[in-house]
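Accompanying notes for the structure given below.
Numbering (the working numbering), first residue to last: 1 to 83.
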């Protein structure tokens, strides 16, 4: 997490990555939970927006979520993210 080091992401950084997600997918899910757009995530992680979209699609599939909001809700329900 480059530019944004405070808040929930800072706390989650120290938690183990859930087995179902890659480290990068976990980083992106945490940033989605903070309300960042794909563009903002790309800027923070120094990757292309298209790469972010690919990771988002993979994590949506792994969490069986239809969209970003549902992914965060499911992760919170499973105890992966703070409520």
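Using N, Cα and C, we set each Cβ at its ideal position, and we do this for glycine too.
Self-check item: Rounded separation between residue 75 and residue 61 - CA only
Solution: Residue 75 and residue 61: Cα-Cα distance of roughly 13 Å.
Quiz item: For residue 67, which of helix, strand or coil comes out of DSSP?
Solution: In the three-state DSSP reduction, residue 67 falls in the coil class, being neither helix nor strand.
Quiz prompt | For residue 22, three-class secondary structure by DSSP | solution = Three-state DSSP puts residue 22 in coil, outside helix and strand.
Quiz item: Which first and last residues belong to the alpha helix (DSSP H) in which residue 132 is found?
Solution: With the chain covering only 1 through 83, there is no way to say anything about residue 132.
Practice problem: For residue 35, name the three-state secondary structure that DSSP assigns. | Solution: In the structure shown, residue 35 sits in coil (DSSP, three-state: anything other than H, G, I, E or B).
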